[in-house]
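Each remark here refers to the structure printed beneath this line.
There are 2 protein chains.
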Amino acid sequence: MPTIIDVAKKAGVSIKTVSRVMNNQTNVKETTRERVHLAMEQLDYSPSDAARQLRTGKSLAIGMLYSDPSSGYQSRLNHAMMQACSDAGRYLVVGLFEEHGGSWQQQLEAFIERTKVNNIILVPPMCDSSILQEYLFNRGIQFVLMSPSHTAPKVSSVSMDDQMAAREMTQHLLDQGHKRIGHIAGDPAHIASFLRRRGYEEAIVSMGLPRPGNDLVIDGQFDFRRALAAAETMLSGDNPPTAIFAASDDMAAAAYMAAGRLGLAVPDDVSVVGFDNISIAGTIWPSLTTVAQPFDDMAAECIRILRNASSDDSSRPAPELVVVPHKIIVRSSCTAPAN
Amino acid sequence: MPTIIDVAKKAGVSIKTVSRVMNNQTNVKETTRERVHLAMEQLDYSPSDAARQLRTGKSLAIGMLYSDPSSGYQSRLNHAMMQACSDAGRYLVVGLFEEHGGSWQQQLEAFIERTKVNNIILVPPMCDSSILQEYLFNRGIQFVLMSPSHTAPKVSSVSMDDQMAAREMTQHLLDQGHKRIGHIAGDPAHIASFLRRRGYEEAIVSMGLPRPGNDLVIDGQFDFRRALAAAETMLSGDNPPTAIFAASDDMAAAAYMAAGRLGLAVPDDVSVVGFDNISIAGTIWPSLTTVAQPFDDMAAECIRILRNASSDDSSRPAPELVVVPHKIIVRSSCTAPAN
DNA sequence: TTGTATGCGTTATCAG
DNA sequence: CTGATAACGCATACAA
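Sequences listed follow chains A and B, in order.
Residues in the first sequence are numbered from 1155 upward in steps of one, following our numbering.
Residues in the second sequence are numbered from 1155 upward in steps of one, following our numbering.
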């Protein structure tokens, strides 16, 4: 493995100059810079993380702490985050908030002590703790909030627009000619449920249609069984909807089952759309039209923000509030209503 | 942060002695060893990974390369592996085999060059490549095979026993009194499909029941739609099974839907069991009895093997062939047959 | 604009 | 059994 010394020799300069070039510092003649770059390429040189880290005390690790390792959300986020880290030449160190492991702050403190990370990603529900934010801020640790319920003033955050996504999903249904669209809502405790519901209502009202009432909007609480009951109630009513928008794919699957039980075909008798794009959504039949949370892009944004922050020596860079565009995945569970 | 020097001072010894104690080396008087341990505890000392790495050239990173980032299997494995790494004080670096990125060996080579990992986990389908194994072996890189189709002679591997799991799952059905049990098999291209099917047949035959024929075993190829057709065929036949064992949870979900379409209730009219324990299995209703692949334990075993291997200075340690016990998750999709 | 010299916290050599 | 000291590869204070 070539070292900085080899590069310096090859380029006919001192190691300090090579160092300057590597870190994009000023005070290097342009021709010299090029010569160094050439030498680095020819030797296929890449700096040693270990040495760098030893010298600067800054780790390339990025910490992410979560509280529910079994959730599908977290699992997919991990996946995306790992990929993003890998792409950025950094690596992810994960930690778990234990139910009975003391206060969040204590656990965060212990994690930092143990791993020595100085970049952290805070995911729900921890990202909504102002205590944690305060602590990290005071300690000078760079951090990003992932999908916080409320954006904080001085802190960078990355999220998607649940409300807009729900609105577009509903619009998609309206565009196909549906006039009566049911909504199986999520757990009201989650802010996302609220936003998705609002987006759904907005789309409908903005088309001049009446605001949907209790016959069309039922709480499913992200629970399969409740959603099943909700869908059955809707579909067996007097004036059943021609389409159902479930606030999660799990609940959309429940709508599939309710339709089957009632002898209704999806999508011919009733269209169904979901939210999440869980892995089964594409393999189930008919394949489910749904909203894909842009995990990959959100992860990449988190890493980018953290990188910028730590490369910037001068104090704290301005916080960024990034909203990543989602994607509507149109598949075959949705068609124009009969007649 | 205390360093080795602080510990040495506190214990009244030289740093070399502290180093010896840390690395469990010989030639230290027992009382001295204790004194050092005490000092380390009192100072809450932990060695610097960066320095260690710089000095030894050995990275704490563990590499894992995969080819299908969107698969649920991979996503769950990642998750488990990250956790295991974190627990072991190491970290995971992931890489992706690109479809058109050159041969596997070239890509593996590039990954190693770039990340400098010297511990690698090979997952399906790469774990079955003897070329890759040979390459890593010659290069002196420690590696473990994850769920290989065939265990290799000189290489450690970690897997679960698909056949045994399928056999137990089927036995569970038999124990409840089922005599006619259908099987929706997976893609014959996967060795796991074959093993699961064999386990199913074994259980049935060993009870003195006739070996199931083509009316009871249908290929679903891990495809929802095919599985749906298969389940409908079985359940609408002359002598329908009272229980269906699907080789994946996705396909079990298809069986649910087929039952619903035919006006059959799960589990009262037909029991359904699956394989994988995907996240929806517990939330769907009735919740699905299934086989849980022991991702966490398998991941932990991989890391353990790698750790042992790299701490062992003397040549190459003996390869281990670990089979991790699986778990049958009994939920509510399965009951005794009617009458 | 460029170079020299020192130290980050370990491990390892070799001499007691 | 123990210890002084030299690396490992990089960044930087300081000198030129």
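Heads up, the beta-carbon is just placed ideally off N, CA and C, and yes, glycines get one too.
Can you tell me where the alpha helix (DSSP H) with residue i in it begins and where it stops?
| i | result |
| --- | --- |
| residue 1185 (chain B) | 1184-1197 |
| residue 1232 (chain A) | 1226-1241 |
| residue 1176 (chain B) | 1169-1176 |
| residue 1494 (chain B) | Here chain B has residues from 1155 to 1493 only, and residue 1494 (chain B) is not among them. |
Using the Cα positions of residue i and residue j, report the straight-line distance between them to the nearest angstrom.
| i | j | result |
| --- | --- | --- |
| residue 1367 (chain B) | residue 1356 (chain B) | 13 Å |
| residue 1337 (chain B) | residue 1258 (chain B) | 35 Å |
| residue 1298 (chain B) | residue 1438 (chain B) | 35 Å |
| residue 1208 (chain A) | residue 1202 (chain B) | 8 Å |
| residue 1399 (chain B) | residue 1377 (chain A) | 25 Å |
| residue 1446 (chain A) | residue 1459 (chain A) | 22 Å |
| residue 1414 (chain A) | residue 1340 (chain A) | 22 Å |
| residue 1402 (chain A) | residue 1457 (chain A) | 27 Å |
| residue 1175 (chain B) | residue 1211 (chain B) | 20 Å |
| residue 1374 (chain A) | residue 1434 (chain B) | 15 Å |
| residue 1468 (chain A) | residue 1284 (chain B) | Residue confidence is low: residue 1468 (chain A) scores 49 on pLDDT, short of 50, so the model does not pin down where it sits. Its coordinate-derived value is still stated next. Cα to Cα, the separation comes out at about 52 Å. |
| residue 1230 (chain B) | residue 1252 (chain A) | 20 Å |
| residue 1305 (chain A) | residue 1430 (chain A) | 22 Å |
| residue 1345 (chain B) | residue 1314 (chain B) | 13 Å |
| residue 1170 (chain B) | residue 1163 (chain B) | 12 Å |
| residue 1386 (chain B) | residue 1453 (chain B) | 38 Å |
| residue 1484 (chain A) | residue 1416 (chain B) | 28 Å |
| residue 1145 (chain B) | residue 1358 (chain B) | This structure cannot settle anything about residue 1145 (chain B), because the visible part of chain B is limited to 1155 through 1493. |
| residue 1242 (chain B) | residue 1195 (chain A) | 36 Å |
| residue 1177 (chain B) | residue 1436 (chain B) | 45 Å |
| residue 1371 (chain B) | residue 1254 (chain B) | 37 Å |
| residue 1158 (chain B) | residue 1240 (chain B) | 24 Å |
| residue 1267 (chain B) | residue 1184 (chain B) | 42 Å |
| residue 1287 (chain B) | residue 1384 (chain B) | 39 Å |
How far does the beta strand (DSSP E) with residue i in it extend, from its first residue to its last?
| i | result |
| --- | --- |
| residue 1218 (chain B) | 1215-1220 |
| residue 1337 (chain A) | 1335-1339 |
| residue 1429 (chain A) | Taken as a continuous stretch (DSSP letters only), residue 1429 (chain A) belongs to no beta strand (DSSP E), as it is neither H nor E. |
| residue 1444 (chain B) | 1444-1446 |
| residue 1496 (chain A) | Look at the range of chain A in this structure, 1155 to 1493, and you will see that residue 1496 (chain A) is not part of it. |
| residue 1329 (chain B) | Element bounds for residue 1329 (chain B): not the beta strand (DSSP E) but the alpha helix (DSSP H), 1316-1329. |
| residue 1260 (chain A) | Note, residue 1260 (chain A): premise wrong, no beta strand (DSSP E); alpha helix (DSSP H) at 1258-1269. |
| residue 1481 (chain B) | 1481-1483 |
| residue 1382 (chain B) | Not the beta strand (DSSP E): residue 1382 (chain B) falls in the alpha helix (DSSP H), residues 1378-1389. |
| residue 1161 (chain B) | Element bounds for residue 1161 (chain B): not the beta strand (DSSP E) but the alpha helix (DSSP H), 1158-1165. |
Report, in whole angstroms, the separation of the C-beta atoms of residue i and residue j, which I expect to be a contact under 8 Å.
| i | j | result |
| --- | --- | --- |
| residue 1396 (chain B) | residue 1334 (chain B) | 6 Å |
| residue 1223 (chain A) | residue 1237 (chain B) | 7 Å |
| residue 1204 (chain A) | residue 1204 (chain B) | 5 Å |
| residue 1291 (chain A) | residue 1217 (chain A) | With 8 Å as the limit, residue 1291 (chain A) and residue 1217 (chain A) do not qualify as a contact, their Cβ atoms being about 15 Å apart. |
| residue 1167 (chain B) | residue 1199 (chain B) | Rounded, the Cβ-Cβ distance is 14 Å, inconsistent with contact. |
| residue 1332 (chain A) | residue 1491 (chain A) | 5 Å |
| residue 1486 (chain A) | residue 1448 (chain A) | Between residue 1448 (chain A) and residue 1486 (chain A) the Cβ distance is about 22 Å, and since that is not below 8 Å, they are no contact. |
With a threshold of 6 Å on Cβ separation, who are the neighbours of residue i within its own chain once the five nearest residues in sequence on each side are excluded?
| i | result |
| --- | --- |
| residue 1165 (chain A) | 1189, 1190, 1193 |
| residue 1476 (chain A) | 1312, 1455 |
| residue 1350 (chain A) | 1316, 1320, 1401 |
| residue 1463 (chain A) | 1296, 1471 |
| residue 1172 (chain A) | 1158, 1161, 1162, 1190 |
| residue 1310 (chain A) | 1298, 1459, 1473, 1474 |
Between residue i and the rest of its own chain, which residues show a CB-CB distance below 7 Å, the 5 nearest in sequence each way excluded?
| i | result |
| --- | --- |
| residue 1382 (chain B) | 1408, 1411, 1412 |
| residue 1420 (chain B) | 1410, 1413, 1426, 1440, 1487 |
Going by the beta-carbon positions, is the gap between residue i and residue j smaller than 8 Å?
| i | j | result |
| --- | --- | --- |
| residue 1391 (chain A) | residue 1369 (chain A) | yes |
| residue 1389 (chain A) | residue 1418 (chain A) | yes |
| residue 1249 (chain A) | residue 1219 (chain A) | yes |
| residue 1316 (chain A) | residue 1353 (chain A) | yes |
| residue 1232 (chain B) | residue 1273 (chain A) | no |
| residue 1271 (chain B) | residue 1234 (chain B) | no |
| residue 1363 (chain B) | residue 1425 (chain B) | no |
| residue 1245 (chain B) | residue 1247 (chain A) | yes |
| residue 1451 (chain B) | residue 1427 (chain B) | no |
| residue 1330 (chain A) | residue 1488 (chain A) | yes |
| residue 1323 (chain B) | residue 1482 (chain B) | yes |
| residue 1221 (chain A) | residue 1280 (chain A) | yes |
Return the chain-ordered list of same chain residues with a C-beta closer than 8 Å to the C-beta of residue i, the five sequence neighbours on each side being excluded.
| i | result |
| --- | --- |
| residue 1278 (chain A) | 1300, 1301, 1302, 1303 |
| residue 1289 (chain A) | 1259, 1262, 1263 |
| residue 1348 (chain B) | 1342 |
| residue 1181 (chain B) | 1174 |
| residue 1461 (chain A) | 1242, 1244 |
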